[in-house]
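Take a look at the structure set out below.
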Amino acid sequence: MAKVQSPGQVWRVSDNEERVSSDAQPDTSRLYRPDVLETIQERLAEMDEELRALSLDIHEHPELAFKESYAHDTMTAFMAKHGFEITRNYHLETAWKATFSHGKGGNTVGINSEMDALPGVGHACGHNLIGMSGIAVACALKAAMENWDISGKIVILGTPAEEGGGGKKILLEKGAYDGMDACLMCHPAPGPKGSVSLTSCLALNRVMVEFNGHTAHAALSPWEAQNALDAAVLSYNNISALRQQMKPTHRAHGIFEGNGWVPGIIPDYAKMFYYVRAPTTAEVKALVPRVINCFKAAALATGCDVKIDTVATTDDLRQNEALGEEVGNITIARGGSVDYEYWGIKSASTDFGDVTYALPSLHPGFAIPTELNGGNHTHAFAKSAKGIEAHRACIDVSIALAGAGVRILLDNDFLAKVKAAFEADKKAREAET
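Residues in the sequence shown are numbered from 1 upward in steps of one, following UniProt numbering.
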C-alpha cells in the first residue's frame with residue numbers, strides 16, 4: 001500500500017523515501033510479460049539523455065494555449081526522427097498526430113502528450129514532463145513491437161491547450177480519438193517518492209459573465225448610474241456566502257475585471273470569469289444554477305443587465321479499473337507504490353476527463369519532489385518540473401504505461417476486461433444523473 005498523508009498536508013522533499021532506481025530488476029512474478037518489459041526499460045535507458053534534453057527544451061520555451069508552435073515543431077521532428085508517420089497541424093494549428101503500425105491487424109493504443117504552459121509561471125504544471133512521457137511511451141512500445149513482432153498500432157496525439165482551452169475536448173469532437181482501443185497519459189504532482197496516484201479529478205464548468213450598466217460622476221450625480229462594479233462585487237460576495245452551503249468537495253472561484261476604471265466615474269461594464277467544480281459532471285450540473293443565481297441577484301440589485309455564458313466544460317476523470325490495476329502492478333513490481341485517495345490531481349481538473357468518458361483511458365499521477373507549498377501552478381513547481389528526480393519519476397511511470405500498452409496489444413482477454421470496466425463505469429455514470 002502507498003505511504004499516505006493526512007488530508008490538507010503538503011508533500012515536500014523531506015517526506016519522500018529513497019527512490020527505487022529505474023534500472024532496478026523487477027519482481028518478474030508480478031508481471032504479465034517481464035521479457036517485453038525488459039525491452040521497454042532498455043529502450044528508455046538508451047533514450048534517457050535524448051528524452052531529458054527534449055523535456056528541458058520544451059520547459060525553456062513555455063507557450064500558452066493554442067500557441068505551442070515551438071513544441072509542435074520540436075516534438076514532431078523528434079517523432080519523425082524515431083520512425084513515426086507524422087500529421088502536423090492535426091485538426092488544430094498546434095495539434096499533431098504520430099502513428100506507427102507493425103504486422104497485420106491488431107489493437108490500437110492511444111497516447112497523449114501535452115505541451116502548453118501557464119501565463120506568468122511557465123511550465124508550472126509540468127507539461128514538459130507530460131509531453132516527454134507520451135513520446136517515451138510511444139517509442140518504448142515501438143521497440144517492443146519490433147523486437148517481439150507484436151502486431152498493432154500506436155497513435156500518439158500532441159494535444160494543445162489543456163490549461164483552459166479544452167484542446168482534447170475539441171480533438172475528441174473532431175474524431176481524433178476514433179479507432180483507439182484505449183488511451184494513456186500521466187501527470188506530475190507532489191506526492192510520496194516512487195509512487196503513482198489513481199485518484200480522479202473534479203469536473204469543471206467555466207462561466208463568463210458580463211454586467212452592463214450606466215456611467216455617472218461618482219460624486220456629483222451617482223444616482224444616475226447603474227454600477228457594474230457593484231454588480232461584480234455583489235456577485236463575488238454572494239458566491240462567498242454560498243460556499244457555506246456548498247459541499248466541501250465543491251469549488252466556485254473566479255475573478256472580475258473592467259476596462260478604463262477610475263475612481264471618479266462609476267463603471268458601466270464589468271466582466272467575471274468563474275470556475276465551478278465538483279467530483280462528478282452530474283454534481284457540477286446541479287451546482288452551476290446556484291452559482292448563476294448569485295450573478296442574477298447582483299444584476300437585479302444594481303439594475304444592471306447581465307449576460308451569462310457557459311463557455312466550456314470538462315468531465316471528471318474516470319480511471320479505467322483494469323488499466324489502473326496493470327499500471328499499479330508494474331509500479332509495485334518495480335518497487336513503487338500506488339495511492340487511490342490522498343494525492344494526484346483529485347482537486348484539479350483536466351480536459352482528459354472528456355476522453356475518459358468516451359473510451360477506456362488512464363491518467364495516473366506520478367510524484368515529483370517539490371518545495372513546501374510548491375505544488376502545481378506555482379513558480380516552485382515549474383522549477384521542480386525540470387529537476388533530475390522529476391525526470392526519473394517520469395521515466396518510471398512511462399515504463400508502467402508502456403507495459404500496460406503492450407498488454408493491450410497482446411492480450412485480447414485483458415482488452416475485453418478493460419472494455420468491460422469502461423462499460424460498468426458508464427452505467428455508474430448514468431446512475432449518477
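From the three backbone atoms N, C-alpha and C, an ideal C-beta is built for every residue, glycine too. A quick note: this is a predicted structure, and the numbers were derived from the prediction, not measured.
Report task. Any chance you could list the beta strand (DSSP E) runs of at least 3 consecutive residues sitting entirely within the segment 179-218, in chain order? Result -> 182-184, 187-190, 195-197 and 203-212
Query raised in the report: For GLN244, does the three-state DSSP call read helix, strand or coil?
Result: On the sequence shown, residue 244 is found 244 positions in, with the first residue counted as 1. It is helical.
Report task. Going by CA-CA distance only, name the one from GLY353, GLU326, SER349 and ALA140 that's closest to LEU31. Result -> Reading the sequence shown from its first residue, position 31 is the one you call residue 31. Ranking the options by Cα distance to LEU31, first place goes to GLU326.
Query raised in the report: Could you give the distance in angstroms between the alpha-carbon of ALA98 and the alpha-carbon of GLY167?
Result: The count along the sequence shown starts at 1 and reaches residue 98 at position 98. The count along the sequence shown starts at 1 and reaches residue 167 at position 167. If you take the alpha carbons of ALA98 and GLY167, they lie about 17 Å apart.
Query raised in the report: Exposed or buried, what is TRP223 when buried is set at 16 or more other beta-carbons lying within 10 Å of its beta-carbon?
Result: As a working mapping, residue 223 is identified with position 223 in the sequence shown. Per the 10 Å Cβ criterion, exposed.
Query raised in the report: Does the beta-carbon of ASN16 have 16 or more other beta-carbons within 10 angstroms, so that it is buried, or is it exposed?
Result: Taking the sequence shown and counting its residues from 1, the one referred to as residue 16 is at position 16. Only weak support is given to the placement of ASN16: the predicted model assigns it a pLDDT of 38, under 50, and the question is left unresolved by the model.
Query raised in the report: Skipping 5 residues on each side, what residues in its chain have a beta carbon closer than 8 Å to that of ALA24?
Result: Counting from one through the sequence shown, the residue named residue 24 turns up at place 24. Low confidence applies to ALA24: its pLDDT is 46, below 50, so where it sits in the model is not reliable, and the reading given next is rough at best. Result list for ALA24: ARG334 and GLY335, in chain order.
**Report entry** Neighbour-count burial assignment, ALA2, 16 or more Cβ in a 10 Å radius
**Finding:** Counting from 1 along the sequence shown, the entry for residue 2 is found at position 2. Reliability fails at ALA2, whose pLDDT of 33 lies under 50, so the model's placement of it is uncertain and the value that follows must be treated cautiously. ALA2 comes out buried.
Query - Under the three-state DSSP convention, the category VAL355 falls into - result: Residue numbering aside, residue 355 sits at position 355 when the sequence shown is read from its first letter. In the structure shown, VAL355 sits in a helix (DSSP, three-state: H, G or I).
Requested in this report: Rounded to whole angstroms, what's the CA-CA distance from ALA73 to HIS391? Just pull it up for me.
Outcome: On the sequence shown, residue 73 is found 73 positions in, with the first residue counted as 1. On the sequence shown, residue 391 is found 391 positions in, with the first residue counted as 1. Reading off the sequence, residue 73 comes out as Asp, not Ala. Answer to the nearest angstrom: the Cα atoms are 22 Å apart.
Requested in this report: Rank THR281, VAL291 and VAL406 by C-alpha distance to the C-alpha of ASN237 and give the top, closest one.
Outcome: In the sequence shown, residue 237 corresponds to position 237, counting from 1. If we check each option's Cα against that of ASN237, VAL291 comes out closest.
Query raised in the report: Does the distance from the CB of ILE135 to the CB of MET185 come in under 8 Å?
Result: Reading the sequence shown from its first residue, position 135 is the one you call residue 135. Reading the sequence shown from its first residue, position 185 is the one you call residue 185. No.
Query - Neighbourhood of GLY179 by C-beta distance below 6 Å, restricted to the same chain and skipping five residues each side - result: The residue labelled residue 179 in the question sits at position 179 within the sequence shown. THR108, listed in sequence order.
Query raised in the report: Can you tell me whether DSSP reads ARG334 as helix, strand or coil?
Result: The residue labelled residue 334 in the question sits at position 334 within the sequence shown. Three-state DSSP puts ARG334 in coil, outside helix and strand.
Query raised in the report: When you compare only the Cα positions, how much space is there between VAL36 and ALA140?
Result: As a first step, residue 36 is located in the sequence shown; it is residue number 36 there, counting from the start. As a first step, residue 140 is located in the sequence shown; it is residue number 140 there, counting from the start. In a straight line, the C-alpha of VAL36 is about 10 Å away from that of ALA140.
**Report entry** PRO360 versus PHE78: straight-line alpha-carbon distance, rounded
**Finding:** Numbered from 1 along the sequence shown, position 360 holds the residue referred to as residue 360. Numbered from 1 along the sequence shown, position 78 holds the residue referred to as residue 78. So the two alpha carbons sit approximately 27 Å from each other.
Query raised in the report: Quick one: Cα of PHE84 to Cα of SER151, how far?
Result: Against the sequence shown, residue 84 aligns to sequence position 84. Against the sequence shown, residue 151 aligns to sequence position 151. If I take the Cα positions, the gap works out to 15 Å.
Report task. Helix, strand or coil for SER151, going by three-state DSSP, please let me know. Result -> As a position in the sequence shown, residue 151 is number 151, starting the count at 1. In this structure, SER151 counts as coil in the three-state DSSP scheme.
Query - Distance, TYR275 Cα to PRO119 Cα - result: To locate residue 119, count along the sequence shown from 1; it is residue 119. To locate residue 275, count along the sequence shown from 1; it is residue 275. Distance between the alpha carbons of PRO119 and TYR275 is about 17 Å.
Requested in this report: Could you check the C-alpha separation between VAL121 and THR378 for me, to the nearest Å?
Outcome: Translated into positions along the sequence shown, residue 121 becomes position 121. Translated into positions along the sequence shown, residue 378 becomes position 378. So the alpha carbons of these two residues sit roughly 6 Å apart.
Query raised in the report: Comparing alpha-carbon positions, which option in ALA416, ALA428, ASP413 and ALA393 lies nearest GLY126?
Result: If you number the sequence shown from 1, residue 126 lands on position 126. For GLY126, the nearest C-alpha among the options comes from ALA393.
Query raised in the report: Terminal residues of the continuous beta strand (DSSP E) containing THR313?
Result: Residue mapping note: residue 313 aligns to position 313 of the sequence shown, counting from 1. 305-314 is the span of the beta strand (DSSP E), which, as asked, contains THR313.
Query raised in the report: So, ILE86 versus TRP96, is the Cβ gap smaller than 8 Å?
Result: As a working mapping, residue 86 is identified with position 86 in the sequence shown. As a working mapping, residue 96 is identified with position 96 in the sequence shown. In contact: ILE86 and TRP96 (Cβ atoms closer than 8 Å).
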